[in-house]
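Sequential numbering of the sequence shown, starting at 5, is according to our numbering. Positions of the beta carbon are idealized from the N, C-alpha and C atoms, including for glycine. Quantities reported herein were computed from a predicted structural model and do not represent experimental measurements.
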Amino acid sequence: SPEFLPFQPLPLLVNSQYGVALLNDKKQLQPQLFAPMPGGFNSLMTQGQSFDFSFQPIVESKRLTNTYQSIAEKKFGFTDYRHNAIASLNTVLDNIIDYSRTHYAWFVDSLKGFAYSTDVPGAVKNVSSLNPIELALVRNDSDFFEKRGYPLMEFMISREKFLFSLDSTQKIQSPSRKLKGPIAPLSELSALHNIFGRANSFFEPMAVKEFGTSRVRNLDDKQAGGNWINAMFMYRMTNDVQYLGIATRLADAYLAQRVDKRQTAFGESMNSSHFFWPTFTNHWVEFLELYELTKDTSYLRAAQDGARHFTLFQWMSPGIPDSMVTVNKGGKAPVYWYLKSKGHKPMYYPEETVPAWRLSEIGLTPESSGTSTGHRGIFMVNFAPWISTRA
């Protein structure tokens with residue numbers, strides 16, 4: 005019941021009022037709900053003490069995603085509740101750019117990247133140059149292009165991996181110190197080629213080479229170049245219909261294997277690991293883009309199916325109370341436990357009382373399956389453009 009998942013304090017493992025298990029001791033599927041968790045919150049009781057807990061079994065003759073949507077809307081009040089309360093989106097982007105120019109952003113000029121020292125001391129990590137380049141173009145901001153966009157593009161073209169460190173003894177998350185690029189995925193090489201008016205002859209040969217090989221870009225995950233998604237990006241770059249033919253042929257095979265047939269185990273061939281949320285669904289974003297190129301409705305249906313399953317990873321609880329919440333109590337921002345363990349000090353910011361909805365995670369996703377509990381304060385909305393477009 006919703007009352008056992010309150011808005012405050014922030015629901016965590018240490019204050020969880022119940023537990024859920026999916027497998028029994030024989031590793032067979034047998035969903036279980038129990039309260040309290042032995043050794044957990046509210047589990048210490050005296051003899052004769054009473055304990056109350058309730059739950060609501062829900063059975064509907066609908067698909068899983070439709071039932072989940074029904075629970076989210078009817079039990080937890082999931083709705084389109086957000087609005088621009090304190091600033092326009094343009095102002096937010098301006099503020100982000102202003103922040104990125106300060107030392108607080110931890111940009112290391114000599115390494116052409118943003119410091120990743122919270123996880124890997126001495127390292128920098130970039131995953132794309134497109135955001136700063138596109139922001140610079142939209143704002144007609146040559147300084148931002150020269151100091152952020154261009155250096156990141158140089159990084160993406162030259163480095164071997166997203167994570168770069170000059171320290172040869174640093175082994176955490178397997179960084180590289182080699183200039184064996186491009187590390188930019190084919191999607192980025194294609195985008196850069198088109199953004200700059202197809203005037204740079206080196207992007208296409210780079211992409212052709214990457215399409216014909218495999219590369220480890222992040223952690224130890226090996227990615228094959230010659231798949232249907234990259235073939236689609238090659239078509240966008242070259243307008244060569246042979247690449248579009250490869251994309252549709254391989255996409256149709258993927259449809260039959262991954263979409264038309266429900267998965268019975270983890271380990272899809274196009275994903276070397278299951279950690280971030282997109283690896284738990286079909287490649288619905290790319291299906292949507294392939295539909296826009298071909299107008300083949302089978303790709304649109306696959307995109308819609310994948311998008312609906314992706315919503316299962318969005319927070320739909322706890323419900324948002326109609327009340328105010330005080331933040332930055334005592335003029336200090338809360339110290340994130342992970343950063344505190346690294347020696348970081350509190351940041352000072354004025355205490356403020358705001359409507360509860362501004363602090364709600366509803367509609368956002370955690371960072372990943374592996375960090376959804378330990379890094380409870382990471383909320384993401386990177387999927388929004390494709391969800392709102394058509395799927």
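Burial check for Tyr-353: the Cβ neighbour count within 10 Å stays below 16, so the residue is exposed. For the pair of segments examined, the stretch 323 to 330 was found not to touch the stretch 298 to 312: the number of CB pairs separated by less than 8 Å stays below three.
Taken through DSSP and simplified to helix, strand or coil, Val-358 comes out as strand. Between the alpha carbons of Thr-173 and Ile-137 lies a gap of roughly 33 Å. With a beta-carbon spacing of about 19 Å, Phe-148 and Leu-115 fall beyond the 8 Å limit used to define contacts. Close CB contacts of Leu-33 within its chain, under the 7 Å cut and outside five residues either way in sequence, are with Leu-26, Leu-27 (chain order).
Annotation: Gln-246 to Glu-208 spans about 15 Å, alpha carbon to alpha carbon. Considering only Glu-355, Tyr-342, Gln-318, the residue with the shortest C-alpha distance to Lys-333 is Glu-355.
DSSP places Gln-73 in no beta strand (DSSP E) but in the uninterrupted alpha helix (DSSP H) bounded by 68 to 79. Counting along the chain, Pro-370 sits inside no beta strand (DSSP E), nor does DSSP assign it H or E at all.
Among the bridge pairs identified by DSSP, Met-384 is matched with Thr-369. Here the alpha carbon of Gly-117 sits roughly 5 Å from the alpha carbon of Val-128. Counting along the chain, the unbroken beta strand (DSSP E) around Pro-35 starts and ends at 33 to 38.
When secondary structure is reduced to three states using DSSP, Asp-225 falls in the strand class. In the three-state reduction of the DSSP assignment, Phe-237 falls in the helix class, which pools H, G and I.
With three or more CB-CB distances shorter than 8 Å, the stretch 147 to 162 counts as touching the stretch 176 to 192. DSSP, reduced to helix, strand and coil, places Thr-252 within a helical segment of the structure shown. Boundaries of the alpha helix (DSSP H) around Leu-134: 134 to 143. Nearest to Leu-141 by C-alpha distance, out of Leu-196, Lys-182, Lys-165, His-87, is Leu-196.
Taking all protein chains in view, the Cβ of Ile-366 is crowded by 16 or more other Cβ atoms within 10 Å, so the residue is classified as buried. A Cβ-Cβ distance of about 7 Å is found for the pair Lys-165 and Val-220, placing them in contact under the 8 Å criterion.
DSSP places Ala-25 in no alpha helix (DSSP H) but in the uninterrupted beta strand (DSSP E) bounded by 23 to 27. With respect to the C-alpha of Val-112, the residue from Ser-146, Pro-155, Arg-86 having the closest C-alpha is Pro-155. Residue environment analysis places Glu-290 among the buried positions, since at least 16 neighbouring C-beta atoms fall within 10 angstroms of its C-beta.
In the DSSP assignment, Tyr-352 is bridged to Lys-336. Under the three-state reduction of DSSP output, Ser-218 falls in the strand class.
At the C-beta level, Ala-260 and Ala-235 stay beyond 9 Å of one another. The C-beta of Gln-12 has fewer than 16 other C-beta atoms within 10 Å across all chains shown, which makes the residue exposed. Beta-bridge analysis with DSSP links Ala-188 to no other residue. Trp-232 sits close to Arg-253, with the two beta carbons spaced by under 9 Å.
Taking C-alpha positions only, Val-339 is separated from Ile-90 by approximately 24 Å.
If you check the CB distance, Lys-79 and Pro-6 come in under 9 Å. Around the CB of Arg-86, fewer than 16 other CB atoms lie within 10 Å, so the residue is classed as exposed.
Counted as a single uninterrupted DSSP element, the stretch harbouring Met-328 is not any alpha helix (DSSP H) but the beta strand (DSSP E) occupying residues 328 to 331.
Here Thr-369 is not near Leu-17, since their CB atoms are 9 Å or more apart.
By the criterion of a C-beta distance shorter than 7 Å, Gly-381 is surrounded in its chain by Tyr-340, once the five residues flanking it on both sides are discounted.
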